[in-house]
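Asker: Handing you a structure now.
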Amino acid sequence: MNAGGADGPRVRTSAHPWGTWLLLDAPQVRNALDPATVAALLAVFGTDGPGAVLLSARGPSFCAGGDLSVLSTAAAGGDLADLLVTRAAAFADLVEAMVACPRPVVAALDGPAVGGGVSLALACDVRLATPRARLVLGWARWGLPPDGGAAALLAAAVGAETAELLLADGAEIGTDSPLAQRVFSRVVTPEDVEPAAVATVSALAASPTARAEKAAAAAPVLAALRAGREEELAAVERAAGEATVVAGLANVYKMKQ
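Residues 145 to 401 (the numbering used here) make up the sequence shown, in order.
Structure (structure tokens):
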């Protein structure tokens, strides 16, 4: 199953003896998430299957979050509010499905995860990172609130008070950060990240206790995601109604030319 964007498939799905490999494959847009990609990922995580799941990315970025060129077009056409809320709801569904997925999920990060890409990474159960990886809490640069359950996911990793400060500052967490051990399960070289990730998902797929352990760890995170969902979507809707946000997003495409 492939999901296509304007430049071809943005996510590729392949079956392996240990489970399912999802490859974000749109390096030309830093693996930004368009609606088709979110839907394709949700189709995998919203259903059960054998083994474990590996999520990785091609190119120098893990995921740049939402596709801002799509948002800029909507802003210019006066449809930003509806699109932002619709996309935020769909992305929240994806993140919740990842956390609730019975199969263990491993992320291989060999580059930055920005905005919604942070939520995508934090929704995984294991995160293998190279020194090039970092989590960029960059929503504020566009005047947008965190989405995809970022506040709940980050709080589960580093604590609620620290998460609130990091999000307010638009901080970055690299593998050299004092918080690295809380958000990255293991740091490996770029050459080793793929074989290490495959070895990790293989071990999880073979483990008789991995699913039960995931379910126990996911329960409080799921509760926090669900409790914060309506407030998060309301914040997105308010932001979409602000003229400065609309103007900024409308200029994204122009800035990229």
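A virtual CB, placed ideally from N, CA and C, is assigned to each residue, including glycine.
Whole angstroms is fine: what's the gap from L366's alpha carbon to A267's?
Answerer: On the sequence shown, position 222 is the one that residue 366 refers to. On the sequence shown, position 123 is the one that residue 267 refers to. Straight-line Cα distance between these residues: approximately 10 Å.
Asker: In chain order, what residues of the same chain lie with their CB nearer than 6 Å to the CB of L298, ignoring the 5 residues before and after it?
Answerer: The residue given as residue 298 occupies position 154 in the sequence shown. If we look at L298 and ignore the five residues flanking it on each side, its Cβ neighbours are A307.
Asker: Going by the DSSP bridge assignment, what does A251 pair with across the sheet?
Answerer: Start at 1 with the first residue of the sequence shown, and residue 251 comes out as number 107. The partner list for A251 (beta bridge, DSSP) reads L199, R271.
Asker: Excluding five sequence neighbours on each side, which residues of the same chain lie with their C-beta closer than 7 Å to the C-beta of V243?
Answerer: The sequence position of residue 243 within the sequence shown is 99, counting from 1. Cβ neighbours of V243 beyond the five flanking positions: A267, A362, V365, L366, L369.
Asker: Buried or exposed: where does N395 fall if 16 or more other Cβ atoms within 10 Å of its Cβ makes it buried?
Answerer: Position 251 of the sequence shown, counting from 1, holds the residue named residue 395. With fewer than 16 Cβ atoms within 10 Å of its Cβ, N395 is classed as exposed.
Asker: Please identify the residue among A218, A234, R231, G209 whose C-alpha is closest to the C-alpha of A265.
Answerer: On the sequence shown, residue 265 is found 121 positions in, with the first residue counted as 1. For the residues A218, A234, R231, G209, the minimum Cα distance to A265 belongs to G209.
Asker: I'd like the span of the beta strand (DSSP E) that includes V173, first residue to last.
Answerer: Residue numbering aside, residue 173 sits at position 29 when the sequence shown is read from its first letter. Run containing V173: none; DSSP gives neither H nor E here.
Asker: Going by CA-CA distance only, name the one from R276, W165, G260, G293 that's closest to G203.
Answerer: Position 59 of the sequence shown, counted from the start, is the residue given in the question as residue 203. When the alpha-carbon of G203 is set against those of R276, W165, G260, G293, the nearest one is in R276.
Asker: According to DSSP, simplified to helix, strand and coil, what is P289?
Answerer: Numbered from its first residue, the sequence shown carries residue 289 at position 145. P289: coil per DSSP, three-state reduction.
Asker: Identify, in the order they occur along the chain, each residue of the same chain with its Cβ nearer than 7 Å to the Cβ of V214, setting aside the five sequence neighbours on each side.
Answerer: As a working note, residue 214 is residue 70 in the sequence shown. Answer for V214: D178, listed in chain order.
Asker: Count the other CB atoms, across all protein chains shown, that sit within 10 Å of the CB of S200; report buried if there are 16 or more and exposed otherwise.
Answerer: Within the sequence shown, residue 200 is the residue found at index 56, counting from 1. S200 should be labelled buried.
Asker: Which same chain residues end up closer than 7 Å to A379 when comparing Cβ atoms and leaving out the 5 residues on each side of it in sequence?
Answerer: Numbered from 1 along the sequence shown, position 235 holds the residue referred to as residue 379. By the criterion of a C-beta distance shorter than 7 Å, A379 is surrounded in its chain by P289, once the five residues flanking it on both sides are discounted.
Asker: Would A295 pass as a contact of E376 if the rule is Cβ separation under 9 Å?
Answerer: Along the sequence shown, one-based indexing puts residue 295 at 151. Along the sequence shown, one-based indexing puts residue 376 at 232. Cβ distance < 9 Å, so A295 and E376 count as in contact.
Asker: Hey, how far is the Cα of L224 from the Cα of L272?
Answerer: Looking up residue 224 in the sequence shown gives position 80. Looking up residue 272 in the sequence shown gives position 128. L224 and L272: Cα-Cα distance of roughly 35 Å.
Asker: Thinking C-beta only, is R278 closer than 9 Å to A304?
Answerer: Translated into the one-based positions of the sequence shown, residue 304 becomes position 160. Translated into the one-based positions of the sequence shown, residue 278 becomes position 134. In this structure, R278 does not lie closer than 9 Å to A304 by Cβ.
Asker: Is it true that the CB of A196 sits closer than 9 Å to the CB of P155?
Answerer: The residue labelled residue 155 in the question sits at position 11 within the sequence shown. The residue labelled residue 196 in the question sits at position 52 within the sequence shown. Here residue 155 is Val; the residue named in the question, Pro, does not match the sequence. No.
Asker: For G392 versus W283, is the C-beta spacing smaller than 9 Å?
Answerer: Start at 1 with the first residue of the sequence shown, and residue 392 comes out as number 248. Start at 1 with the first residue of the sequence shown, and residue 283 comes out as number 139. Cβ distance not < 9 Å, so G392 and W283 don't count as in contact.
Asker: Helix, strand or coil for P256? Go by DSSP, reduced to three states.
Answerer: Sequence index remark: in the sequence shown, residue 256 carries index 112 (1-based). P256: strand per DSSP, three-state reduction.
Asker: What are the start and end residues of the beta strand (DSSP E) that includes G318?
Answerer: The count along the sequence shown starts at 1 and reaches residue 318 at position 174. 316-318 is the extent of the beta strand (DSSP E) around G318.
Asker: Whose C-alpha, out of V229, R231, A236, D169, is nearest the C-alpha of G190?
Answerer: Working through the sequence shown from its first residue, we reach residue 190 at position 46. Nearest option by C-alpha distance: A236.
Asker: Less than 6 Å between C-beta atoms, sequence neighbours within five positions excluded: which residues of the same chain meet that for C245?
Answerer: Counted from its first residue, the sequence shown places residue 245 at position 101. So the list reads F189, once near-sequence residues are dropped.
Asker: My understanding is that T414 touches D254, with C-beta atoms under 8 Å, so please give their C-beta distance in whole angstroms.
Answerer: Nothing in the structure corresponds to residue 414, since the chain is present only between 145 and 401.
Asker: State the beta-bridge partners of S158 as determined by DSSP.
Answerer: Here residue 158 is taken as the residue at index 14 of the sequence shown, counted from 1. Per DSSP, W165.
Asker: Looking at the strands, I want to know which residues DSSP matches up with C207.
Answerer: Here residue 207 is taken as the residue at index 63 of the sequence shown, counted from 1. DSSP, once it has assigned bridges, lists A257 as partnering C207.
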